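Count the sequence shown with mature numbering (1 follows the signal peptide of the UniProt record, and there is no 0) and you get residues -1, 1 to 487, in order.
Each residue gets a CB set at the ideal place from its N, CA and C atoms; glycine is no exception.
Bear in mind that the values here come from a model prediction, so they are computed numbers and not experimental data.
This report concerns only the one structure given below.
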Amino acid sequence: CKSVNRHEIRKIPDGLIFGTATASYQVEGAWNEDGKSESIWDRVTHTKPCPIQNCDTGDIANDSYHQYKRDVAMMRELGVDFYRFSLSWTRILSTGFPDKINEKGVQYYNNLIDEMLKYNIQPMVTLFHWDLPQKLQDMGGWTNPYIIEWFTDYTQVAFELFGDRVKYWFTINEPREICYQGYGSASLAPLLSISGYGDYKCVKNILVAHAKTYHMYKKEFQQTQGGTIGIALSVTWFEPESEKDAEAAEESRQFQWGIYANPIFSKTGDFPKVVKETVAAKSLAQGFSRSRLPELSPEEIELIKGSSDFFGINHYTTKIVYRNSSFDNNFPVPSYYDDIGALTHQNETWETAASSWLKVVPWGFYNLLTKIRTAYDNPPVYITENGFSTKEGLVDDGRINYYRLYINAMLDAIDEGSDVRVYTAWSLMDNFEWMAGYSERFGLYEVNYNDPKRTRTPRKSAYVYKEILRTRELDFHYEPDISLPIAI
Ligand code: PNW
């Protein structure tokens, strides 16, 4: 892998646009206000005994439902080109179905979008960032093939309501986290651990629901609305420990994100060959009557192939992959990790964020962008999330270092031909970090959760990000004066 130079001052290429992101459940609050119904995150956070750190909930979160004007003021302070946020299905369709549209919930998104457009900040909208209607979960959620029509009914309403002003759409945020963490490892709502089975059923339904939404937009909306639409995958970089682990690393990539990327972005479509063959062989040996991984029919393969205008990437970190010659591990059988059949670790010397999984490995980002360029014929790439967590506090040099190194690595890949068009910092402000509650902070702005007003204050990193966007230069030596206000 390539060692990254810290160029003193580096130009940002024209045309690359910058923004920040959040997601509905993580910031909105107002969990039961104005006709919003219960989502799977409302259910999980209200469960007793509480599964979330410190029993935190998103009931109030950042109160963005009432404070969208302050949120937009922060975007103006930073000087971002766009803001990526998600729609809460349960706020727009209280029943989960399109039989009734909740006008007050719609009004909130109209207000937010209109306020952004007033200042020329482009809305980038994620249709689904994890807060599924609980009622649909009661019917199996993403393991029930009916979700394909539940989802397309909902997304059609969203295009009709907001598509006149929204020109960037993301169907689904991070299918891997939804399927594996939600259905396979009980580490996100709905907290199921039916690994090696439930997670794979989810994969297929997500891909088909995504692709049908994509084609609906193309057919019924794009001509009049003129936007672009795709998916955001979470892509961790998997680096082999040594040469003998090259195959294990490649197989890990195929299982962890190729299972989504190959059907959408490869020329042949379908699940990766190694994933199909491995799961089929293990399933039969384990006494199943068919592969635990569903098949994609020829029609489904065609439907999914090419169903994204760009490759959306949420990237945070890197893992090292190895395989023991005496492959023995404690993974349950069957399970997703037993199917993968490889082990991972992270280097102890790598700097760590407040989230233990998040290590600073900028060359992994470079390797990943290079891989996407070569494996999928250089698609347009949108970096839909990238960021670093700290504890509370305004002086966040760790976050500044992370952003500089990762943007630098991205510029290296661009120099070599990667077609990166969008960069998104996660996150605009601290927010509800899922099972970690408010204990891990990803914000360029700090949010004070002890204050009923949820006051937001720029961190040092906000000044640095603003300067990168203003100058369109990456300068490792720039030191902001954070005693000065961050002016619009
Ligand atoms: C993302 N990984 O999840 C989510 O989209 C956000 O909602 C979340 O707040 C943010 O990252 C920070 O955790 C991740 O595999 C998914 O390294 C996958 C990974 C990291 C984060």
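Residue i: first and last residue of the uninterrupted alpha helix (DSSP H) it sits in
i, result
"residue 148", "146 to 161"
"residue 274", "272 to 284"
"residue 134", "133 to 137"
"residue 303", "297 to 303"
"residue 431", "That residue, residue 431, is in no alpha helix (DSSP H); it is neither H nor E in DSSP."
"residue 406", "396 to 414"
"residue 69", "67 to 77"
"residue 56", "Where residue 56 is concerned, there is no enclosing alpha helix (DSSP H), given that its DSSP letter is neither H nor E."
"residue 97", "Taken as a continuous stretch (DSSP letters only), residue 97 belongs to no alpha helix (DSSP H), as it is neither H nor E."
Residue i versus residue j: straight-line alpha-carbon distance, rounded
i, j, result
"residue 295", "residue 115", "41 angstroms"
"residue 1", "residue 374", "Any reading at residue 1 must be qualified, since the residue scores a pLDDT of 49, below 50, and its modelled position is unreliable; no value is offered."
"residue 318", "residue 248", "9 angstroms"
"residue 293", "residue 200", "6 angstroms"
"residue 415", "residue 22", "32 angstroms"
"residue 75", "residue 487", "6 angstroms"
"residue 285", "residue 291", "10 angstroms"
"residue 165", "residue 86", "12 angstroms"
"residue 123", "residue 230", "12 angstroms"
"residue 372", "residue 236", "14 angstroms"
"residue 365", "residue 451", "42 angstroms"
"residue 472", "residue 407", "10 angstroms"
"residue 393", "residue 234", "29 angstroms"
"residue 257", "residue 449", "42 angstroms"
"residue 363", "residue 404", "11 angstroms"
"residue 283", "residue 276", "11 angstroms"
"residue 381", "residue 420", "6 angstroms"
"residue 437", "residue 431", "5 angstroms"
"residue 55", "residue 13", "42 angstroms"
"residue 132", "residue 95", "6 angstroms"
Sequence-distant residues of its chain with Cβ nearer than 7 angstroms to residue i (five each side left out)
i, result
"residue 482", "none"
"residue 17", "79, 80, 422 and 468"
"residue 144", "204"
"residue 34", "93, 101, 103 and 104"
"residue 433", "187"
Bounding residues of the beta strand (DSSP E) (the contiguous stretch that carries residue i)
i, result
"residue 123", "121 to 127"
"residue 470", "Unbroken run through residue 470 is the alpha helix (DSSP H), 459 to 470; no beta strand (DSSP E)."
"residue 446", "444 to 446"
"residue 342", "342 to 344"
"residue 318", "317 to 321"
"residue 488", "This structure gives no information on residue 488, because the portion of the chain shown stretches from -1 to 487."
Identity of the residues DSSP links to residue i by a beta bridge
i, result
"residue 200", "In DSSP, residue 200 forms no bridge with anything."
"residue 20", "83 and 425"
"residue 8", "474"
"residue 312", "232 and 382"
"residue 38", "132"
"residue 116", "According to DSSP, which records beta bridges pairwise, residue 116 is partnered with nothing at all."
"residue 214", "None; residue 214 has no bridge partner."
"residue 358", "351"
"residue 291", "None, per the DSSP bridge assignment."
"residue 453", "DSSP, once it has assigned bridges, lists no residue as partnering residue 453."
Neighbourhood of residue i by C-beta distance below 6 angstroms, restricted to the same chain and skipping five residues each side
i, result
"residue 534", "Outside the shown range of the chain (-1 to 487) lies residue 534, about which nothing can therefore be said."
"residue 28", "59, 60, 62 and 64"
"residue 156", "97"
"residue 453", "61, 62 and 446"
"residue 149", "135"
Cβ-based neighbour list, residue i, same chain, cut-off 8 angstroms, excluding 5 preceding and 5 following
i, result
"residue 396", "459"
"residue 99", "92 and 93"
"residue 138", "145"
"residue 428", "21, 26, 61, 70, 73, 442, 443, 444, 445, 446 and 455"
"residue 470", "none"
"residue 253", "261, 271, 273 and 274"
Proximity test, residue i beta-carbon vs the ligand PLP heavy atom, cut-off 6 angstroms
i, result
"residue 60", "As for the ligand PLP, it is missing from this structure, which binds only the ligand PNW."
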